[in-house]
Amino acid sequence: MISEDSHNLTGSEKRFSGVGVSPGIALAHAFVRSNFFIEPDKYIIDDSTKDDEISRLEHSIEETKKQIELLKNQVREATSGEGEENIFDAHLLVLEDKVVLDEVRRDVLEDNLNIEYAFYKTMSRYIDALRKINDGYLRERVIDIEDVMRRVLRNLSLGEKAEHSARNTHVLVVPELTPSDTAQMDHSLVKGFATEVGSYTSHAAIIARSLGLPAVVGIYRFCRQVHTGDQLLIDGYNGVVVINPSTETLSEYELLKKEKDKVSKELEKIIDKDAETKDGRSITLSANIEFAYESDLAKNNGAKGVGLFRTEFFYMNASGAPDEEEQFRTYSEVSNRVKPNSVIIRTLDIGGDKLPENSVGAELNPFLGWRGIRVSLCRPEMFKTQLRAVLRAASSARIGIMFPMISTLDELKRAKELLNEAENELMHEGVVYERPAEIGAMIEVPSAALIADQLAKEVDFFSVGTNDLVQYTMAVDRINERVSDLYQPLNPAVVRLLKETVNAGHAAGIWVGVCGEMASDLYFTPLLIGLGFDELSVGAPRVPAIKYAIRSLDYNVCQSMAADALSDISPDEILSRCKKIAFDSYPELIG
Ligand code: PEP
Ligand code: MG
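Start counting the sequence shown at 3; every next residue gets the next number (the numbering used here).
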């Protein structure tokens with residue numbers, strides 16, 4: 003039954019469309035977090051709540067002061083004491099202006115105005131007055147005062163929203179879901195996402211799929227049109243979001259959900275079966291995880307271990323880089339949960355769109371900059387902390403390790419040297435450890451695919467990160483909608499690099515898998531199987547569907563289609579052949 007308790011269905015329905023990046027239907031109230039400024043509503047409050055309102059403002063001002071102090075410190079550190087941080091002193095002074103605060107208090111105590119509006123009204127009056135003064139310096143101060151006003155108002159409303167969301171499940175609505183947002187949110191309360199920005203391979207989409215949460219991204223200016231508390235229906239299958247859905251809409255979705263539930267029942271039946279094609283080609287089907295607790299999801303969905311454990315989340319929250327003990331505990335916990343299967347831990351891939359909160363020193367081209375293994379090799383001590391934790395956890399479970407963003411042979415060799423150094427340190431310290439069962443390289447940069455024969459001599463496996471491989475091959479930012487038509491996983495250039503990688507790996511006797519989002523797409527399964535990949539690693543909730551697809555396919559048919567894809571045919575033609583095989587083999591999963 004599609005229902006959400008504690009909310010009635012008032013207000014008229016509004017539909018929006020975006021891109022459905024994670025299937026499923028969610029219904030919950032919206033929790034909107036945005037920097038977009040909305041003029042507060044004006045209303046009359048009850049005499050009994052006046053004191054509470056005033057203390058809310060005091061609390062919000064204190065909170066704002068703390069934030070400004072924090073910013074001031076960050077700027078001081080980033081600019082090595084050149085005094086630029088002093089700009090924030092002016093902001094702090096605004097918050098201490100007694101005349102303003104007395105006026106706000108009077109509006110609340112005498113006129114019963116709500117605090118947000120009283121504060122907004124007073125500040126706006128000062129701002130308007132300053133604007134009229136013919137003095138460049140004072141007019142510039144307007145920007146500072148406006149900034150402070152927005153912060154105070156945001157903290158006022160966030161206080162309520164945070165409280166509200168702490169008690170209720172919600173759909174998170176944000177302009178853009180950043181990795182630090184996802185690392186810090188309470189996963190038990192979030193039922194889905196709706197964002198203004200994003201694409202199928204953006205971080206938000208990957209996270210939503212791996213948590214099994216319906217998500218729609220790319221909804222134009224959505225944050226301005228929805229309010230916290232509105233009831234929101236997310237249709238991740240069709241990329242539709244409905245504010246305050248009508249009774250008819252809810253019945254329509256009831257039917258859709260019933261159909262999908264029927265398919266889920268079929269999928270449940272094959273959870274414990276092998277991922278083997280009809281003619282006997284066996285594929286290792288494992289799961290991608292981002293948070294430790296997802297290892298249970300992987301197991302319950304019938305994955306053969308974890309093929310990609312992203313470890314950036316450690317670095318995304320406010321507390322910064324984790325120590326060896328914390329990492330060791332997490333790696334041990336995950337690997338023990340998926341026993342006897344293995345976990346492949348990917349070393350830190352920070353950079354690109356995966357930036358820690360408040361990170362300073364933004365780059366002009368972050369995806370082409372300081373990212374993945376490049377950061378780890380520049381920070382050997384930080385890297386070795388992670389390697390030591392992996393080595394120690396490998397003593398009690400089967401653990402593999404792989405390095406992201408390898409673009410040269412030298413980087414791979416250097417990463418392995420540091421692994422050896424970490425091992426030697428542990429040996430000399432008498433600490434219990436084991437070498438990882440397998441060492442792998444991610445192939446996600448065209449240069450790596452082109453020298454895959456050289457890289458293959460150094461490792462036990464390749465895992466192809468198609469999210470980045472497509473981005474770098476086609477020179478399209480994977481999260482930029484303006485060039486999304488050029489993000490072509492089936493472009494012959496990409497297909498050839500995939501095949502080169504499989505060939506090079508197999509010639510060296512190592513296995514080759516795909517852990518990028520291509521592996522999760524039911525239309526691409528025939529191609530990846532046909533190209534000869536040995537392993538597919540997909541978001542845990544996606545494992546049953548991909549297993550069902552593999553079990554419905556003929557390896558022979560896939561191979562001859564892949565051979566055609568490598569000949570002279572267009573991306574559209576490759577897609578239509580993939581679709582035909584998918585429709586013929588598992589129509590119940592498509593559409
Ligand atoms: C990829 O690039 O396909 C991949 C799996 O890595 P990420 O999405 O974390 O960059
Ligand atoms: Mg990648």
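From the three backbone atoms N, C-alpha and C, an ideal C-beta is built for every residue, glycine too.
Status (buried if at least 16 other CB within 10 Å, exposed otherwise) for residue i
i	result
N338	exposed
G507	buried
K193	buried
P25	buried
N343	buried
C560	buried
G371	exposed
C380	exposed
D7	Low confidence applies to D7: its pLDDT is 37, below 50, so where it sits in the model is not reliable, and the reading given next is rough at best. Counting Cβ neighbours within 10 Å, D7 comes out exposed, since fewer than 16 surround it.
E112	exposed
H189	exposed
R108	exposed
Y557	buried
S578	exposed
Y489	buried
A30	buried
L257	exposed
T313	buried
A32	buried
N303	buried
M429	exposed
V362	Any reading at V362 is ruled out, since the residue's pLDDT is 48, under 50, leaving its predicted position unreliable.
R348	buried
I445	buried
D137	exposed
K301	buried
L591	buried
H61	exposed
Supposed close pair residue i, residue j - CB separation, criterion 8 Å
i	j	result
P382	L420	6 Å
N493	M476	6 Å
G442	F463	4 Å
V377	L411	Rounded, the Cβ-Cβ distance is 19 Å, inconsistent with contact.
L59	I117	5 Å
G515	V472	Going by Cβ atoms, the distance from G515 to V472 rounds to 16 Å, so no, they are not a contact pair.
I601	A458	Past the edges of the chain, shown from 3 to 593, lies residue 601, and the structure says nothing about it.
S284	D276	6 Å
H93	I56	That belief does not hold up - the Cβ atoms of H93 and I56 are roughly 22 Å apart, past 8 Å.
P368	A396	Not really, about 32 Å apart at Cβ, beyond 8 Å.
V150	L97	6 Å
Q242	A196	Checking the sequence shown, residue 242 turns out to be Val, not Gln. Actually they do not touch by this definition, with Cβ atoms about 10 Å apart.
I245	L252	Actually they are not in contact, since the Cβ atoms of I245 and L252 sit about 13 Å apart, beyond 8 Å.
I27	I236	7 Å
A305	V545	5 Å
Continuous beta strand (DSSP E) stretch holding residue i: start and end
i	result
Q233	Q233 to D237
F526	No beta strand (DSSP E) holds F526; DSSP gives it neither H nor E.
V496	It is not in any beta strand (DSSP E) - V496 instead sits in the alpha helix (DSSP H) that spans P494 to A509.
V377	Careful: V377 lies outside any beta strand (DSSP E), inside the alpha helix (DSSP H) at I375 to C380.
N290	T286 to I291
F330	Run containing F330: none in the beta strand (DSSP E); it sits in the alpha helix (DSSP H), E326 to R339.
M404	I401 to F405
R460	Per the sequence shown, residue 460 should be read as Glu rather than Arg. Taken as a continuous stretch (DSSP letters only), E460 belongs to no beta strand (DSSP E), as it is neither H nor E.
I347	V345 to R348
V559	Premise fails: V559 lies in the alpha helix (DSSP H), Y557 to A567, not in any beta strand (DSSP E).
V472	That residue, V472, is in no beta strand (DSSP E); its alpha helix (DSSP H) goes T468 to M476.
N- and C-terminal bounds of the alpha helix (DSSP H) containing residue i
i	result
E440	Per DSSP, E440 belongs to no alpha helix (DSSP H); it is in the beta strand (DSSP E), E440 to I445.
F369	From DSSP, F369 is part of no alpha helix (DSSP H); its letter is neither H nor E.
S121	Position check: residue 121 holds Phe in this sequence, whereas Ser was assumed. From DSSP, the alpha helix (DSSP H) with F121 extends over I117 to K134.
K549	V545 to S554
I208	H205 to L213
A584	P573 to S587
V101	K100 to D113
H430	L411 to E431
E314	Per DSSP, E314 belongs to no alpha helix (DSSP H) and is neither H nor E.
T279	Run containing T279: none; DSSP gives neither H nor E here.
E537	From DSSP, E537 is part of no alpha helix (DSSP H) but of the beta strand (DSSP E) over E537 to G541.
Inset, instruction - Give me every residue whose Cβ sits closer than 5 Å to any heavy atom of the ligand MG, in chain order. - result: E446, G467 and D470
Inset, instruction - Pair every Cβ in the region 325–342 with every Cβ in the region 380–393, then say whether three or more of these pairs are closer than 8 Å. - result: yes
Legend entry - At least 3 beta-carbon pairs within less than 8 Å: the region 540–559 vs the region 465–481: no
Inset, instruction - Please confirm if the region 584–592 is in contact with the region 293–310, defined as three or more CB-CB distances below 8 Å between the two stretches. - result: no
Inset, instruction - Check whether the region 204–214 touches the region 60–70, taking contact to mean three or more Cβ pairs, one atom from each stretch, closer than 8 Å. - result: no
Inset, instruction - Specify whether the region 212–222 and the region 532–543 touch according to this definition: at least 3 beta carbon pairs, one from each stretch, less than 8 Å apart. - result: yes
Inset, instruction - Assess, as a yes-or-no matter, whether the region 563–581 is touched by the region 485–502 under the definition of 3 or more beta carbon pairs within less than 8 Å. - result: yes
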